[in-house]
Amino acid sequence: MAQVIDGRAMAAAITAQCARRVDALLLGGVRPALAVVLVGEDPASEVYVKRKVVECGKAGILSIEHRLPVETTGDVLLELIETLNADPSVHGILVQLPLPDGIDAAQVLDRINPAKDVDGFHPVNVGRLSSGTGGLVPCTPLGIMKLLDSVIDDYRGLNVVVIGKSNIVGKPIAMLLLEREATVTVTHIETRELAEITRKADIIVAAAGAPKLVRGYWIRPGAVVIDVGITRIRGEDGKTRLVGDCATDELDHARAVTPVPGGVGPMTIACLLENTVSAAERSDN
Ligand code: GUN
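Start counting the sequence shown at 1; every next residue gets the next number (the UniProt record's numbering).
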């Protein structure tokens with residue numbers, strides 16, 4: 001049987017560690033604060049934002065929600081970003097994606113002060129990540145590295161196949177793994193003979209958002225599989241449940257796998273807390 005990497009337990013440990021760092025900051029008169037901006041009423045985003053706020057509370061991080069109606073203009077949102085940039089009591093700014101049609105997400109992300117960009121989506125932080133020069137790193141890839149670090153010591157020369165080329169997961173995880181001297185192949189929905197490629201992988205990061213795309217025969221024995229997918233589907237019983245990008249019941253021959261839910265998801269939020277505490281530690285207030 002493959003080892004199931006417990007993302008919930010690891011996330012709880014990170015949250016507890018963040019709480020200790022928050023205590024130290026409080027002694028110095030700094031209360032780490034995260035501004036969470038949600039535009040519109042996307043149900044999935046509502047769930048994610050709620051979870052982020054709850055987890056902030058567990059670590060002692062102050063979260064300030066800014067909920068704006070779906071008809072909000074880009075200019076109003078940019079104004080809010082400027083206000084949050086200028087507010088010394090705000091250490092992290094998170095704009096939940098996707099933004100409604102009509103708002104240019106890139107323009108909004110560009111406006112966030114890179115030092116407060118706890119999502120790591122600002123071009124300055126993207127550039128720092130790709131040049132290996134620090135900066136805030138996107139939360140999901142950061143969480144994936146911690147999950148992988150629990151089962152892998154040395155990445156040098158390992159073959160990693162990333163499925164998915166998103167700015168949030170695929171591209172940044174490739175950069176982090178390259179820094180660790182893995183051999184990284186980034187694939188995506190247009191990649192031909194994908195199973196042929198994944199069969200050569202020591203590590204597979206599945207982030208395509210395609211339920212059960214990765215089958216057992218795609219995986220070589222002993223590989224480590226990180227399942228980033230979360231798709232809500234309705235079962236035959238009428239109940240909805242979350243499924244990942246991997247056919248989990250076919251992965252017994254893997255060395256280690258992450259479950260969905262309870263794998264990457266909780267780690268993403270824990271790393272958001274970590275980024276927020278780091279941003280507060282680096283600020284003067
Ligand atoms: N939407 C989906 N994932 C993310 C994320 O990591 N951060 C933000 N801000 N929005 C998202």
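Ideal placement from N, C-alpha and C gives every residue a C-beta, glycine not left out.
Judged by DSSP in its simplified three-state form, N125 adopts helix. The stretch 149-160 makes no contact with the stretch 14-25; the number of CB pairs closer than 8 Å stays below 3.
The ligand GUN has no heavy atom closer than 6 Å to the beta-carbon of D104. Going by DSSP, T73 is part of no beta strand (DSSP E) at all; its letter is neither H nor E. Assignment of S63 by DSSP, reduced to helix, strand and coil, places it in the strand class.
Cβ contact annotation for G92 (same chain, cutoff 6 Å, sequence separation greater than five): L34, K116, V118, T276 and A279, in chain order. Membership of A24 in the alpha helix (DSSP H) is indicated by the continuous run G7 to L27. Straight through space, the alpha carbons of D6 and G60 are spaced by roughly 24 Å. With a cutoff of 6 Å, D119 counts as near the ligand GUN, since its C-beta is closer than that to a heavy atom of the ligand. In the structure shown, N159 adopts extended strand secondary structure according to DSSP, grouped into three states.
DSSP places A247 in no alpha helix (DSSP H); its state is neither H nor E. Within the same chain, Cβ atoms closer than 7 Å to the Cβ of P100 are found at V39, G40 and V70, the five residues on either side in sequence being excluded. Looking at the DSSP output, Q3 shares a beta bridge with A256. Short of 8 Å from the beta carbon of M1, and not among the five residues preceding or following it, lie these beta carbons of its own chain, in chain order: D252.
Scanning G235, L148, V95 and H188 for the CA closest to the CA of K171 turns up H188.
DSSP, reduced to helix, strand and coil, places V277 within a helical segment of the structure shown. Here G143 really is in contact with C271; their C-beta atoms are around 5 Å apart, less than 8 Å.
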